[in-house]
Structure formats: C-alpha cells, structure tokens
Amino acid sequence: MIPRPHLALAATLLAAFVVSHFSDRLDPYFLDVMIGVGINVILAVSLNLVNGYTGQFSLGHAGFMSVGAYLAAAVTVLAGPRLLGPDGGSALQQGWLFFAALLAGGLSAALAGLLVGVPSLRLKGDYLALVTLGFGEIIRVIFQNVEVLGGALGLNGIPAYTTVFWVLAFVAVTVFVVTCLVHSTYGRGFLATHDDEIAAESIGLNTTRYKIVAFVIGAFFAGIAGGLYGHFKMTITPTGFDFTKSVEIVVMVILGGMGNTVGVILAAILLTLLPELLRPVAEYRMVIYSLLLIMLMLVRPEGLFNFKVGKIRL
Amino acid sequence: MIEFLQQLLNGLSLGAIYALIALGYTMVYGVLRFINFAHSDVFMVGAFIGYYLGRHVPAGTLGGGLAVLAAAMAGCAILGMVIERLVYRPLRQAPTLNVLITAIGVSLFLEYGGQIVFGAAPRNFPAIFPETNLHVGQLSISSNQLFVIGVALVLMVGLQLIVFKTKIGTAMRAVALNPQAAQLVGINNDVVIAFTFGLGSALAGAGGILYALNYPSIDPLMGVMPGLKAFVAAILGGIGNIPGAALGGLLLGTVETFVSGSQWSTYKDAIAFAILIVILLFRPAGLLGKFIVEKV
C-alpha cells in the first residue's frame, strides 16, 4: 500500500494540474489571491520546520526568500534571452527554464542558509533570533549595492512565469518533504532538539547538525517561494524582503501553533486572506498582527489552530 | 589627522548614544535573561516626548532643554514599567521563546501604533538646546556633540553609583545573580524588576532625545536601527555587563562612523551585524563577559 503522505502528494499534484487546466476560466483576481496564499504557505511551512519542529527562532526567513527571488530572477532575466532565443522559446522551454531558475534560487538560498547556520546555530534562543535578523539585514544591504541586480531600485522586467500550477505543485512538495522528514526516524531528532537540547545531546544526537539541516531545508523552500514571488510580482526590491516580511511569516507559524503543519497552513491562508478582506483598515494591519502576537502568547501560547486532526497529528 | 580626530569625535558622540541604549538591554537581560525588543521603541517614544514638549519650552535654553530631557526620561521610565507590568510579568514563568515573541509583538505594536498616533512622516526635532560651533585648530566641534557625550557620561556614572552604592542596586545585582536566592533573603523580585525596567527605559528616553539632537529627523521607525546596533553593542561588551555595554557602544559608534566616512559607506548598516557575527563566533561572551556553561 502506498503511504498516506505519498498519496496526498500525488493527489495535490493532480489537483494542481486540473486547476491550472481550468485556470483560464477562473477569475484572475481569485487566481492572484490563490498564488499569494500558496507562496505564503510554502514560506510558513518551511519556517515551521526551523521555528516549530526544531525549536530554533529564526527571524531571517525573508532574507533567504530574497536570495531565492534575486537568483531565480537573475537566471530568467540575464540568462533567459540567450537560452530561449529571440522568439522567447516555446511554453515547454520556458517551463524548464523557470524550473531551473527556481532550483537555482532554492539552492543558493540553501547555501546562504548553510553559511548563516553554521556559525549562528551554536547559539541559543534570543541570540539566534538576533543573528538571523542581522543576516537578513546584511543580505538586504548587499542586494542594495549590487548594480547588476538593480541596486536599491530593485530588479524589473522579470517574466511572469509563476502560475497556479507551479505554486500548488511546490506547496505540495514543501508540505510533503517537511511532513515526511519530521515523521521519519531521522526526523525525530528535530523534535528531540526542540524538546530538550541537553537531553538530546546526552543520548548522542548531534543537535547542531539537526539545527543546520532544518535551517538549510527551510532556507531552500524560502528560496523557492522567493523565486515564485519574483516571477509573480515581476519586480523585486531589496526593501520588499525586510524585517516586516520575516515577522509576517513568524506570525503565521505562531498563530498556527509551532510544530503543527496543518495549523500553520490554515494560519497562512487566514493571514493572507485577511488583508484582502480588510483593505479599508490596511494601515492597521501591523498593529493587529502585533496585538495578535501579544494576546496569543498571553492567552494561548500553543497557537490558535493547534488541535489534533483525527488520530494523526500532521 | 584632522579628519581622523573629527571622525573620532563624531564616532564617540554616536557611540555614547548607542551605549545609553545598550545599558537598558544589558540591565534587563541581567535580571530577566531575555532581549527586550521593545527597548528600541521606548527610545523612539522618548524622542517624540521631546518633540511635543520641546515646542512648549523656550527654544535654545539650557534650562528648557534639561527639563525636556528629564520629562522624556520620566515618561519612558513609566512606559517601560507599564510594559513590564502588563505584558512581561504574566509571562515570568513562560519559556524564553514565548517571552521573546511577545517582546517582538510589543515592539511592533509601539512602532505601528506610533505610525497611527504620530503619523508615519518624519518630523523635524526642535533645537531645544543652545547651539554653537567651537573651533579648536581646524577641528569643528558642535556643542550638541559635546553635550551628548557629557550627558551620556553623567548618566553612566550615575547608573554605576545606583547599581553599586544603593540598596536597590544591590538587590538588582542579587536578582541578576540568582532570582530564587534573592527571594529567599527577602528581596521583592517584582519591585526590583520593575525598577530595572524603569531605569533602563529612562536611559533609552535620554538616548532618544540625544539622538534626535544630532539627527533631527524623527519618525516612529527611527528606533529600529539604533536599537539593533545598541543591542549588538551590548553583546560586544558582554551582555549583562554594564561597563561592557558602555565600551561596546563607544566602539561600535566609532567603527561605524569611520566606515561611513570611507568608500564603503553604503555598507554602513551592515557593519554592526558583521561585528556581531565575528564576536559570536570567536568570543560569544563578549569583550568583558565571562563564558558560563549551561548546566542541567
């Protein structure tokens, strides 16, 4: 019998195909919102691996997202015309280029995650939060100074390759990888690191390596999400990936309940749709977020959506 | 040489402000073991108190300026204690991560609440102190710079006296060393912690006024960068260590000023974090701190 997560993955990929097949007939606004929701789900689920399951507090997820966004955009904008020829290539060729660009973005974000993780994951709690925040700022300053990538003005003219299919497919892959990883024998180490680091070390787990693995995988998917975001908005600026964006993702993880994938997905959907519904009070968005954070920590620190689904806690 | 001295002076006056903010971080970390992210926004509120009060005192007088400074310090002290009472005290027994998240929440609340109350556009901070430029040789010294360094020095000496010569200071050190043992010898931890928050926030308020004097454009997000850098300064000196915070602040301010005067000026904001990473890699306890192994 095929294991349940694999079945879910296959079903979601099929759904992605079906939805993208009918996407011409759907409302474009609805599709846009759906893409936004999907990108945020990828970000939140991947951050949940670090902040939730492994219990490390990273505030630099937007930084990794920006690495992925810039690298993927660099591939399609700078190398794209040369590879596809003057006529722009066929849809299939564009698809392959986009896929390669996303992978390049994800891998470079993972590399950035490794570079950040190795020195900083020896630290605990608040120190780690601060170092990841600092790295996010450094990445932003670097992109502001790289003229090839548009400098402080940002990179424009990115081809609009992101479709509902790509987003849904990567949501499925992200959720699949994170779920399978955490439920594998190896993945129990993430939870052990989260529960009690000293105890985990005393039974011979290399907690630093677990933290780095979580960090690198989280950064990889943040990079993918960044690539999708860049090819969806068609323009990216260094300031678009600042501290506020990182906080937004953190709020999704906390609201959903740290270490609870289903809850985090629900929270990501809710928090992406909420601003759409609350356009008139858009300026109060961050105030509402901050109050949400404080109230949750005071009243319900385990998260809003932290309940068991059936017997299996996804 | 002249340029070097000029930059050194600029750096020291910026560093003095970082040091004042860093002291608040370090003291709170000392007693509660968590980063008070909202500290940088208390700093911002201090500058705004100065902005609103500064218009009602005679401009450019020493007395009026000092009155505004004192009011900002008092206002921030109250704000700090209110935050502690309402938000941090209920979480005294909660895991560190929860407190940290709450602190970020409070920080965002003050920043974006500030944008709604004060408006998001930058304001011009009034010149509340008399301003002159002194010339020593070719060196140009603004009275504001001297004033910043002077006030910072007085406040730091005052803090040192409070912590080491008064009864409440002794209690603060006792709570920092071991909260349970402090309680056993009859110290009311809640009072001490509230006092620590008040003291640290008052210094942040003073820092806000001094910062606004030298960089007279204030907005609700003005605290974010100086706050982060001040925190780096606190780690640089060794968190929980009061002379360390002062040293770290001065060092960081000086380095940053020299970098912004060089060809690498666009990387100015990244330098603090680069220093942070190097310090954490090679000397995680900071320059003056002691490394303590966590025991079960």
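Chains as they are written, first to last, in the numbering used here: chain A, 13 to 326; chain B, 0 to 295.
A virtual CB, placed ideally from N, CA and C, is assigned to each residue, including glycine.
Here the structure is a predicted model, which is why all the values come from computation and not from measurement.
The beta carbon of residue 266 of chain B sits closer than 8 Å to some beta carbon of chain A. DSSP places residue 141 of chain B inside the beta strand (DSSP E), whose first and last residues are 138-141. Nearest C-alpha to residue 204 of chain A among A/52, A/67, A/23, A/48: A/67. Residue 283 of chain A and residue 68 of chain B have their C-alpha atoms some 41 Å from each other. In the three-state scheme derived from DSSP, where H, G and I count as helix and E and B as strand, residue 186 of chain B is classed as coil. Per the coordinates, the alpha-carbon of residue 299 of chain A lies some 10 Å from the alpha-carbon of residue 113 of chain B. Boundaries for residue 272 of chain A: no alpha helix (DSSP H) harbours it, and the DSSP string shows neither H nor E there. According to DSSP, residue 132 of chain B shares a beta bridge with B/141. Contact note: residue 141 of chain A reaches chain B through 99, using a C-beta cutoff of 7 Å and chain order.
Relative to the Cα of residue 117 of chain B, the nearest Cα in the group B/287, B/281, B/48, B/214 belongs to B/48.
Proximity of the stretch 56-73 of chain B to the stretch 235-255 of chain B falls short of the contact definition, fewer than three beta-carbon pairs being nearer than 8 Å. Beta-carbon to beta-carbon, residue 183 of chain A and residue 47 of chain A are separated by about 10 Å, too far to satisfy the 8 Å threshold.
Between residue 246 of chain B and residue 313 of chain A, the alpha-carbon positions lie close to 38 Å from each other. Here residue 261 of chain B carries a coil assignment [DSSP, helix/strand/coil].
With respect to residue 286 of chain B, residue 139 of chain A sits apart: the two C-beta atoms are not nearer than 8 Å. For residue 273 of chain B, the C-beta contacts it makes with chain A under 8 Å involve 150, in order along the chain. The Cβ of residue 42 of chain B sits no closer than 8 Å to any Cβ of chain A. Contact annotation: in the stretch 272-295 of chain A, residues whose CB is within less than 9 Å of a CB in chain B are 295. B/193 is the residue among B/209, B/240, B/248, B/193 whose C-alpha sits nearest the C-alpha of residue 78 of chain B.
Note: residue 216 of chain B is bridge-paired with B/123 in the DSSP secondary-structure output. In this structure, residue 209 of chain B keeps its C-beta atom at 8 Å or more from the C-beta atom of residue 126 of chain B. Here residue 106 of chain B has 36, 37, 40 as same chain residues with Cβ atoms under 6 Å from its own Cβ, once five neighbours each way along the sequence are excluded. Within chain B, the residues 276, 279 have their CB atoms less than 8 Å from the CB of residue 132 of chain A, given in chain order. For residue 81 of chain A, the uninterrupted alpha helix (DSSP H) run begins and ends at 73-86, by DSSP.
Between residue 261 of chain A and residue 117 of chain A, the C-beta spacing is not below 8 Å. When the beta-carbon positions are compared, residue 175 of chain B and residue 72 of chain B stay at least 8 Å from each other.
In this model, residue 256 of chain B and residue 6 of chain B are separated by some 7 Å (Cα to Cα). Across the set B/25, B/195, B/97, the C-alpha of B/25 shows the shortest separation from the C-alpha of residue 288 of chain B.
Listed along chain B, the residues sitting closer than 8 Å to residue 147 of chain A by beta-carbon distance are 272, 276. Here DSSP, grouped into helix, strand and coil, assigns residue 21 of chain A to helix. Excluding its 5 nearest sequence neighbours in each direction, residue 103 of chain B has C-beta neighbours in its own chain below 8 Å: 36, listed in chain order.
The three-state reading of DSSP puts residue 248 of chain A in strand, counting E and B together. The alpha helix (DSSP H) runs lying completely inside the stretch 184-266 of chain A and spanning 4 residues or more are 200-207, 209-214, 219-245, given in chain order. Proximity to residue 85 of chain A across A/39, A/60, A/115 peaks at A/115, based on C-alpha coordinates.
The alpha-carbon of residue 42 of chain B is positioned some 20 Å away from that of residue 272 of chain B. Bridge partners of residue 61 of chain A according to DSSP: none are assigned.
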